[in-house]
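Reading through the structure tokens given below for one structure.
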Amino acid sequence: MFLQFWILFMIVGLTLSMWIFYWAVKRGQFEEQERAKYLPFSNPPMNIKNHGVDNKKIKFVWSIELIALMVVVFLSLATIIRMLFVVFHNL
25 MFLQFWILFM
35 IVGLTLSMWI
45 FYWAVKRGQF
55 EEQERAKYLP
65 FSNPPMNIKN
75 HGVDNKKIKF
85 VWSIELIALM
95 VVVFLSLATI
105 IRMLFVVFHN
115 L
């Protein structure tokens, strides 16, 4: 029983990681590799007094990526808790 859960856990993890990699390639995340080394120079220097943060209220945005990440984290934690329950329940 324990082995089947881990195999399922690995298959789901591998499938999700391949889907995320495919999504990143399709969205162009790996284009312009040279751009990353110039990103630190693109913004103006940080204000030391307030650490570069405006005093305006920061707006929290629920995006589809954030919701998907929260679902993945919740399912991963639930799977790990279930695995631990199976292991320690049979002792």
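In terms of our numbering, the sequence shown has 110 at position 86, counting the first letter as 1, and numbering is strictly consecutive. No residue lacks a Cβ here, since even glycine has one placed at the ideal position from N, Cα and C.
Whole-number beta carbon distance between residue j and residue i, since they are thought to touch under 8 Å
| i | j | result |
| --- | --- | --- |
| Phe26 | Val111 | 6 Å |
| Ala48 | Phe54 | 7 Å |
| Met107 | Phe29 | 6 Å |
Under the three-state DSSP convention, the category residue i falls into
| i | result |
| --- | --- |
| Gly37 | helix |
| Glu58 | helix |
| Met25 | coil |
| Val85 | coil |
Terminal residues of the alpha helix (DSSP H) in which residue i lies
| i | result |
| --- | --- |
| Leu108 | Ile88 to His113 |
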